Amino acid sequence: MKLNLCVLASGRGSDLRAIIKASKTGIIRSWVRLVISNNSKSGALKIAKLNKIPACHLSHIMFSSNELFVKEFLRLLKKYKIDLIILAGYMKMIDPSIVKKFRNRILNIHPALLPKYGGKGMYGIHVHQAVINSGDKITGVTVHYVDEIYDHGAIILQKHVKVKEGDTPETLRKRVLRTEHKLYPEAIKMLETNKINAGKRKVKK
Ligand code: GRF
Numbered sequence: 005m006k007l008n009l010c011v012l013a014s015g016r017g018s019d020l021r022a023i024i025k026a027s028k029t030g031i032i033r034s035w036v037r038l039v040i041s042n043n044s045k046s047g048a049l050k051i052a053k054l055n056k057i058p059a060c061h062l063s064h065i066m067f068s069s070n071e072l073f074v075k076e077f078l079r080l081l082k083k084y085k086i087d088l089i090i091l092a093g094y095m096k097m098i099d100p101s102i103v104k105k106f107r108n109r110i111l112n113i114h115p116a117l118l119p120k121y122g123g124k125g126m127y128g129i130h131v132h133q134a135v136i137n138s139g140d141k142i143t144g145v146t147v148h149y150v151d152e153i154y155d156h157g158a159i160i161l162q163k164h165v166k167v168k169e170g171d172t173p174e175t176l177r178k179r180v181l182r183t184e185h186k187l188y189p190e191a192i193k194m195l196e197t198n199k200i201n202a203g204k205r206k207v208k209k
């Protein structure tokens with residue numbers, strides 16, 4: 005099954021780039037049809053433009069109410085016939101009405117082994133700093149469904165990443181990110197081929 009993807013991203017956009025590459029090289033059949041960012045200066049919007057993918061800066065502050073923001077968001081998803089929403093470093097909570105409409109059709113990637121190091125405030129370098137502070141020797145990546153609670157939805161796929169002696173949050177972040185770039189396309193492929201069992205964990209070592 006070929007899915008129309010909408011990627012939501014606020015920052016650098018390296019996960020977006022990895023998904024676009026996976027489509028171009030045939031690792032996945034799905035295509036990124038639309039990129040939405042709440043940050044007009046995001047790398048993600050630049051990557052979308054470079055790849056001639058429709059890209060849109062959409063932020064709550066551009067609308068007089070949340071209802072109008074949601075309405076425009078849903079209009080765009082309909083226009084591009086989006087099947088699956090992919091969060092790739094999107095720093096905003098998804099409105100519950102969108103979650104309800106796209107139940108089990110919104111994915112997020114988290115740079116740790118959820119349920120560890122998840123929830124509010126656990127993003128970016130803070131996650132890797134917390135892993136190093138804990139002394140854990142294994143961290144990893146999680147792809148999960150998005151529900152109404154931060155980093156909470158059913159886990160689709162996880163992969164371990166070693167924490168090495170002398171790692172700093174930055175060296176760990178880079179190693180984890182390389183794993184993200186492989187794991188997100190794998191998770192999308194699982195959805196394409198229906199090899200998915202929401203709620204059942206699949207941990208790759
Ligand atoms: C990734 O570490 C991802 O796990 C998290 O946000 C980061 C996005 O990185 N949700 P990038 O902007 O795709 O490079």
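The sequence shown begins at 5 in this note's numbering and counts up by one. Cβ atoms here follow ideal geometry from the backbone N, Cα and C, with glycine treated the same way. As the structure is a prediction and not an experimental result, all values here were calculated from the model.
Candidates the options: closest to residue i by CA position
{"i": "Val83", "options": "Leu9, Thr175, Gln162", "result": "Per the sequence presented here, residue 83 reads as Lys, with Val not at that position. Of the listed residues, the one whose Cα sits closest to Lys83 is Leu9."}
{"i": "Tyr94", "options": "Lys120, Gly47, Ile31, Pro58", "result": "Gly47"}
{"i": "Lys124", "options": "Asp155, Thr146, Lys53", "result": "Asp155"}
{"i": "Glu190", "options": "Leu38, Gln162, Lys96", "result": "Gln162"}
{"i": "Leu7", "options": "His164, Ser138, Leu72, Ile24", "result": "Ile24"}
{"i": "Glu152", "options": "Lys96, Arg33, Leu176, Lys193", "result": "Lys96"}
{"i": "Leu187", "options": "Arg16, Lys168, His148", "result": "His148"}
{"i": "Asp140", "options": "Ala158, Lys120, Thr146, Val150", "result": "Lys120"}
{"i": "Lys193", "options": "Leu111, Leu49, Arg107, Ser41", "result": "Leu111"}
Any non-hydrogen atom of the ligand GRF closer than 7 angstroms to residue i Cβ
{"i": "Ser18", "result": "yes"}
{"i": "Pro1", "result": "With the chain covering 5 to 209 only, the question about residue 1 has no answer from this structure."}
{"i": "Ala92", "result": "yes"}
{"i": "Leu12", "result": "no"}
{"i": "Gly144", "result": "no"}
{"i": "Glu184", "result": "yes"}
{"i": "Leu181", "result": "yes"}
{"i": "Gly15", "result": "yes"}
Per-residue DSSP class, three states only, for residue i
{"i": "Asn8", "result": "strand"}
{"i": "His148", "result": "strand"}
{"i": "Ala92", "result": "coil"}
{"i": "Ile86", "result": "coil"}
{"i": "Leu81", "result": "helix"}
Inter-residue Cα distance where the pair is residue i and residue j
{"i": "Lys45", "j": "Leu20", "result": "15 angstroms"}
{"i": "Trp35", "j": "Met126", "result": "29 angstroms"}
{"i": "Ser69", "j": "Ala52", "result": "27 angstroms"}
{"i": "Leu118", "j": "Asn55", "result": "32 angstroms"}
{"i": "His64", "j": "Ile90", "result": "19 angstroms"}
{"i": "Lys28", "j": "Ser18", "result": "15 angstroms"}
{"i": "Phe77", "j": "Ile57", "result": "17 angstroms"}
{"i": "His136", "j": "Thr172", "result": "This sequence places Ile at residue 136; His is not what is there. Distance between the alpha carbons of Ile136 and Thr172: 7 angstroms."}
{"i": "Ser14", "j": "Gly128", "result": "12 angstroms"}
{"i": "Lys105", "j": "Ile86", "result": "12 angstroms"}
{"i": "Phe73", "j": "His114", "result": "25 angstroms"}
Item checked: Those runs of the beta strand (DSSP E) which lie wholly inside the stretch 12 to 53 and span at least 3 residues -> 35 to 41
Margin query: Suppose only complete runs of 3+ residues qualify. What are the beta strand (DSSP E) ranges in the stretch 137 to 196, listed by chain order?
Written below: With a minimum length of 3 residues, the continuous beta strand (DSSP E) runs that stay inside the stretch 137 to 196 are 142 to 149, 159 to 166.
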